[in-house]
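So that you can map any letter, position 115 of the sequence shown is 126 in the numbering used here, and since no number is skipped, the others follow by simple counting. Glycine included, C-beta positions come from ideal geometry on N, C-alpha and C. Computed from a predicted model, the values in this text were never measured in an experiment.
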Amino acid sequence: MRNVLKALLIVASVLLAYMCYRSVRNPIEFEEEKAARDKVVIEKLINIRKAQIAYNEANEKYASNMKDLINFINTGVIPKVAKKGELTDEQLKAGLTEEIAVNLQAEDAAKYGIADYDSFMTNFRRDTNYVSVKASIFGENFNTDSFDIVPFTNKQVKFYMKDTMFLTKSNVTVPLFEASVPYDVYLNGLNKQEIINLNEKAKTLGKFAGLKVGDVNAPNNNAGNWE
């Protein structure tokens, strides 16, 4: 009987030691895996932001859905200005701007401190060409097949995205967008209690329980909530 009790105590001690070990290691392992997943998801959210900024510059609004945004990436073009030459401080002080300079007439050169009109016009150029959105922002070989898919979801979940027109206090309407994914989605399969803890912490702080870029409730310069 005494030997049996000793054996049980040894087993209990080993089990207790393992439980203590796991209580320390679980949060560490969770944070390591979360950091790895965060990095991949953030990279995709940054790409969404890049595409949305280009879309807004071309359309004066943000894409309201991923289908339109992906189509813009694949088929859209944006202006690209090739620059040659710079205006001097003296020319800028005289009121010369790039817009005036590209159309400058010979009779107006002197008032901007330009002695050699022909030389100036030869060395100051602003040529606008239109280039592919995909090639310009991401590279010609960029694949958009999974652009809207949240990583670590077995290709089953897409990023949630929405846009709005926001009226500022000065009565100026500005376009806003937001793309997001909750912790529950991209951290699925990790320690459930740790995910619950993350959600509770976000709720307590009044923050979004996940990763997102942009904000449809107020202008934030399209910042990500990890920045």
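Check	Outcome
8 Å contact criterion, which residue 102 and residue 80 should meet: CB distance rounded	Between residue 80 and residue 102 the Cβ distance is about 41 Å, and since that is not below 8 Å, they are no contact.
Residue 222 beta carbon less than 8 Å from that of residue 53	yes
Endpoints, the alpha helix (DSSP H) within which residue 169 is located	Looking at the DSSP string, residue 169 is not in any alpha helix (DSSP H), and its letter there is neither H nor E.
Residue 90 (DSSP reduced to helix, strand or coil)	strand
Whether residue 140 touches residue 96 by CB criterion (8 Å)	no
With 16 other Cβ atoms within 10 Å as the buried cut-off, status of residue 59	buried
Sequence-distant residues of its chain with Cβ nearer than 7 Å to residue 202 (five each side left out)	37 and 41
C-alpha distance - residue 231 paired with residue 71, whole-angstrom precision	17 Å
Segments of 4+ residues assigned as alpha helix (DSSP H) that fall wholly inside the stretch 186–217	194–197 and 203–216
Meets three-Cβ-pair contact criterion under 8 Å: the stretch 162–173 and the stretch 181–189	yes
DSSP bridge partner residues for residue 140 (one or two, in chain order)	91
Residue 113 (DSSP reduced to helix, strand or coil)	helix
Coil, strand or helix - residue 56 by DSSP	helix
Close Cβ partners of residue 91 (< 6 Å) along its chain, the five nearest in sequence each way excluded	140 and 142
DSSP three-state assignment for residue 84, whether helix, strand or coil	helix
Residue of 155, 150, 138 and 151 minimising C-alpha distance to residue 93	138
Close Cβ partners of residue 77 (< 8 Å) along its chain, the five nearest in sequence each way excluded	158, 159, 169, 170 and 172
Option in 229, 236, 163 and 210 with minimal Cα separation from residue 44	163
Span separating the alpha-carbon of residue 46 from that of residue 209	13 Å
Within 8 Å, strictly: CB atoms of residue 51 and residue 89	no
Residue 160, DSSP secondary structure in three states	strand
Local conformation of residue 45 per DSSP, three classes	helix
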